[in-house]
Amino acid sequence: MSQGGGRRARTLNRAFALKRHSVLPGFGWTLGCTLLYLCLLVLIPLSLLFFRTAGLGWSDFWSAVTAPRVAASFKLSFAASGLGAALNAVFGFIVAWTLVRYSFPGKRLIDATVDLPFALPTAVSGIALTTVYSRTGWIGQLLEPLGIQAAFTPVGVTVALTFVGLPFVVRAVQPALQDLDPEAEEAAATLGAGRWQTFYRVILPTVMPALLTGFALAFARALGEYGSVVFISGNMPMRTEIVPLLIVSELEQYDYQGAAAIAVVMLVASFVILLLINLLQWWGARHQRREGV
Amino acid sequence: MLRPKHLARSTPIHSALALFSACSLSGCGGVEREEPSRNAGEARSEQVILLNVSYDPTREFYREFNQAFAEHWTGVTGATVTVEMSHGGAGKQARAVIDGLAADVVTLALAYDIDAIAERAGLLPANWQSRLPHNSAPYTSTIVFLVREGNPKRISDWDDLLKPGVEIITPNPKTSGGARWNYLAAWAFVLKREVSDLSKLGDPGYAADIARAETKARKFVTELFRRVPVLDSGARGSTNTFVQRGIGDVLLAWENEAFLAAEELGPDKFDIIVPSISIRAEPPVTLVDRWAEAHGVREVAEAYLEFLYSPIGQRLAAKHYYRPVYPQHADPEHLKRFPDVELISVDEVFGGWQKAQGVHFADGGIFDRIYTQ
Amino acid sequence: MFRALTARGALATAPSRVVTRERAPVRWLLTGAALAFLGVFLLVPLVAVFAEAFRKGVGAYLASFTDPLALSAIKLTLLVAAIAVPANLTFGLVAAWLVGKYEFKGKSALITLIDLPLAVSPVISGLIFVLLFGLHGALGGWLAQYNIQIIFAAPGIVLATMFVTFPYVAREVIPLMQEQGCEEEEAAISLGAGGWQTFRRVTLPNVKWALLYGVILCNARAMGEFGAVSVVSGHIRGKTNTIPLHVELLYNEYNFVAAFAVASLLVTLALVTLALKTVVEWKSRTAQTEFLPDLHNRETPDEDRTAEHLQDVWQLQGAQ
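Chains as they are written, first to last, in the working numbering: chain A, 1036 to 1328; chain B, 468 to 840; chain C, 3 to 322.
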């Protein structure tokens, strides 16, 4: 009995132990501090959003987030973010490829500037993009004769969202391309595959997890973007109003619950993308491990 | 409904959080602003700080007026007063005050926004509008058209806005006070044209006529907003879009904003067109009792608002293209700039702001339906 | 068939570099496309800021910075960064030690929580503090009783900035601590060193470059935050306007030269951040190859490095 009990206690102990044993000190207070900080700064404020929305009731919540104007802004936000992320996936891949494989003057400089949208405050990106892409701006002038109006249309929104998501694909794909085994390509070539075939059959599948992660990151970032879009979008209800802008607009009409409801939907979308990215990273790691074996 | 319960349940955590924030951050200026003003109540030589939360196009006017008031106040009491300003779209500003932006006075674009502060936050009494003369509006304004130089699209009245190929710039009525005046001015123009005598509006005998006129008015504003390519959230944003970005053929603007834009950004580039009929916009001012008292600046704040009605205040208002309520104090040179125009008030056509807001601008109101149909 | 392929392949393989490269025109085309894309989306807007800022000459440019409103915006921004960055630095180190050195239940959930502010729209980040501290927020009534101003004052701006920038240091240091494991620390402890001593002498030197980079990035984000700060600021001139908000204010007052001049200050900050980042990356690479050549080659297989890079990218992503 005593022996059995002891074993059971040990098993229980192992099953419910908060952490694996470590000789390093400080687990307790670092855990405490981290949780406290997280709670104060993140969890409590964010949970308020849900509390505020809970006051609405399900049917009110549903009608708040499916009102035509809200639905249109969701459509625009998702479409423009998706399009921007897709543009970044294609061109970001080309940029990464160029930076990894080729050499040309000023390459280091170009490599460093790719990160600019990370470091540049969005308000600055906003006024700069609006200046450049408006009808009288440097690029807007060139687009005008083609019948394309960029600023204050969904095109402008997409431009801004492409800008903010630009570094993600490049930075995700770059290391994957660097780590690519040249032997695989050589083998493919040896087997008679053309360059395109090698790319399509050998390189792309290997880099795919990284590319998808980059896409998801660019998408997530674009979805929440506010500062740079607000200047260039034109804020037309049903046409160029993105979701974060709509939240601000609801606030200005004193509709806190409506704003909170839309925010909750956005928050859930962020959660899902976060989850997806974690899955992709796990998949990427597994993929590479399998390649390595 | 949920809030009090929630508050009661989690007070310890919340107070801990507040304590945390207050302790760790109190050194950085958050409570700084109350200290000098509180002292001011006791010792007159101290510096007094007032916060005036205003709407978009008043920047230039209040910059000069604040200086004049500071001189005046020092002359009267010996104390120095600094007036801090916050500008933005009227809706955004009222929202900030409701959420706790501790304004001592608010000077907004329309009475509805101050009503909202009284109603939702209870920071001032509901009868605030009767506390100062002229419905608490020391100056009035109206809506005019700003067009490109030489008026290439030949726009002379509201009707011309719907000519083919005309692009109109206005802010969003949901968030901008000025834009609500724009919208109501257009509506009033159609009603006036259809029924000619506005006194018929309340008369049940003309109900059919009025219904017909309102259908036309609705069609008119719908068409009008269909021609708007950019809907900024505030009046200043719209002026920038029109002037700086070169978008649109006509800007529906506050009279003072139009004059200012034409003056500051090139008198040779824009013309001001005055329509046959426009709306009498009365941007009201009032004391926010709750904060003025908390800061101990009620007396200064009241003097500040009254100073708006003084000869100096009136003269400065006219100088910055606001129509003074006491034109006798203004410089005749300034007055000459205001064109004669038939002005209709909101009460005449819409039966007051509360009603206008509910019918036209509330969620699901007529303005929303322009876009969702 | 198979034989034919290998035969042809064998012929073509001779210089092995050639088969894994594209023809020159393709190379030029791809390089051109990459440069054009970066040019249109990155460089042109960047140049535009400076072009607009210097439109009326150097004098007007410099005059924009002597305006008391600009100065107070710069002061407030520095103050906000001076509070938010050290706070997040401390938190980042504590969290990195926790996540990097211990195995415990719910660790991945904790990491996701640390990441969360990166995925939240900045507008929502501002909104939650309005819901918390606003007059009608959960704490608003209580704060109003004591006339404590949190939002629409510096504390609110600091809190919103802390929220937005708080994962940067942690996310920079965590992967490195995880990769380095605990052997060195355990050795130090077994030799009788105290916990604090071990941290200071063993752990800190190992992560210093990542830490520095995290701080630089956190600082750039803290100074440039717009969306969240805009919701909680109240826009009181000369009082609660940070540099990005001051840019917006100038822009709305037809003062375009000054707006772009102040914006160019932030652009310069961004460029300095990128330059420092490049230096730090280079330093850390040389440091790693100098001191930990074996560790890097042996214990960091490719998949780890890729995962780590992906994390790099992820932590950079910050909704502003």
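Beta carbons are placed, not taken as given, at the ideal position from N, Cα and C, and that holds for glycine.
Return the chain-ordered ranges of every alpha helix (DSSP H) run that is complete within the segment 632–717 of chain B and spans a minimum of 4 residues.
644–662, 674–693 and 702–710
Does B:Q840 come out as helix, strand or coil in the three-state DSSP assignment?
Looking at B:Q840 - three-state DSSP - the assignment turns out to be coil, as it is neither helix nor strand.
Going by DSSP, what residues sit across from B:Q514 in a beta bridge?
B:T547
Starting from A:F1139, find everything on chain B with Cβ-Cβ shorter than 8 Å and list it in chain order.
Under a criterion of Cβ atoms nearer than 8 Å, no residue of chain B is adjacent to A:F1139; the nearest Cβ is some 36 Å distant.
Which residues, taken in chain order from the segment 86–107 of chain C, show a beta carbon closer than 7 Å to some beta carbon of chain B?
none
Would you list the one or two residues that DSSP bridges to B:P791?
Bridge partners of B:P791: B:Y606.
Express the C-alpha separation of B:P742 and B:S623 in angstroms, rounding to a whole number.
Looking at the two C-alpha atoms, the distance is approximately 6 Å.
Would you check if the distance between the CB atom of B:L775 and the CB atom of B:V752 is smaller than 8 Å?
yes
Contact between the segment 1189–1197 of chain A and the segment 1244–1264 of chain A (3+ Cβ pairs under 8 Å):
yes
Using a Cβ-Cβ distance under 8 Å, would C:V46 count as near chain A?
Yes - at least one Cβ of chain A is within 8 Å of the one on C:V46.
Secondary structure at C:F228, three-state DSSP: helix, strand or coil?
coil
Using only CA atoms, which one of A:M1271, A:A1154, A:I1267 and A:R1256 lies nearest to B:R694?
A:M1271
Based on the DSSP output, what are the partners of B:N519 in its beta bridges?
Within the DSSP bridge table, the entry for B:N519 names B:M552 and B:V572 as partners.
Compare the C-beta of B:D566 against all C-beta atoms of chain C and say whether one is closer than 8 Å.
yes
Would A:V1265 be called buried (16 or more neighbouring beta carbons within 10 Å of its own) or exposed?
By the 10 Å Cβ count, A:V1265 comes out buried.
Let's see if you can read the secondary structure: which residues bound the alpha helix (DSSP H) around B:D738?
Counting along the chain, B:D738 falls outside any alpha helix (DSSP H), though it belongs to the beta strand (DSSP E) covering F737 to I740.
Between A:L1164 and C:S266, what straight-line distance do the alpha-carbon atoms span, to the nearest angstrom?
14 Å
Helix, strand or coil at B:L754 according to DSSP, with G and I counted as helix:
It is a strand residue.
For the alpha helix (DSSP H) containing B:E773, name the first residue and the last one.
R765 to L775
If the cut is a Cβ gap below 7 Å, which residues of chain A does B:K559 touch?
E1287
So, is B:P631 buried or exposed, given that buried needs 16 or more other C-beta atoms within 10 angstroms?
Result: exposed.
Roughly how many angstroms separate the alpha carbons of B:D798 and B:R782, rounded to a whole number?
The alpha-carbon atoms of B:D798 and B:R782 are separated by roughly 6 Å.
Quick check: the segment 93–102 of chain C against the segment 170–189 of chain C, are there 3 or more CB pairs under 8 Å?
Using a Cβ-Cβ distance cut-off of 8 Å, the segment 93–102 of chain C and the segment 170–189 of chain C are in contact, since at least three pairs of beta carbons, one from each stretch, lie closer than that value.
What are the residues in the segment 141–165 of chain C lying within 8 Å of chain B by C-beta distance?
L141, G142, G143, W144, L145, A146, N149, I150, Q151, I152, I153, F154, A155, A156, P157, G158, V160 and L161
Between the beta-carbon of A:L1151 and the beta-carbon of A:A1251, is there less than 8 Å?
no
Local Cβ density within 10 Å of C:P17, reported as buried at 16 or more and exposed below that
Bear in mind that the predicted position of C:P17 carries a pLDDT of just 42, short of 50, making it unreliable; the figure below should be weighed with that in mind. So C:P17 ends up on the exposed side.
Quick check on C:S192: does DSSP put it in helix, strand or coil?
helix
N-terminal and C-terminal residue of the beta strand (DSSP E) that B:L810 is part of:
From DSSP, the beta strand (DSSP E) with B:L810 extends over E809 to I811.
Pull out every residue of the segment 686–709 of chain B whose Cβ sits closer than 9 Å to any Cβ of chain C, in chain order.
G701, R703, G704, T706 and N707
Touching or not, the segment 1082–1098 of chain A and the segment 1204–1217 of chain A, by the rule of three or more beta carbon pairs under 8 Å?
The segment 1082–1098 of chain A, when compared against the segment 1204–1217 of chain A, does not touch it at the 8 Å Cβ threshold.
Please identify, using Cβ separations under 7 Å, the residues of the segment 511–527 of chain B that lie next to chain C, in order along the chain.
L518 and R526
Is the beta carbon of B:V573 sitting closer than 8 Å to the one on B:A768?
no
In this structure, how does DSSP classify A:F1306 when only helix, strand and coil are distinguished?
helix
Would B:F828 pass as a contact of B:R530 if the rule is Cβ separation under 8 Å?
Cβ distance not < 8 Å, so B:F828 and B:R530 don't count as in contact.
Mapping DSSP to helix, strand and coil, what is C:V281?
helix
Report back the beta-carbon spacing between A:V1237 and A:A1219 to the nearest angstrom; my notes put them in contact at under 8 Å.
The Cβ separation is near 5 Å, so the contact holds.
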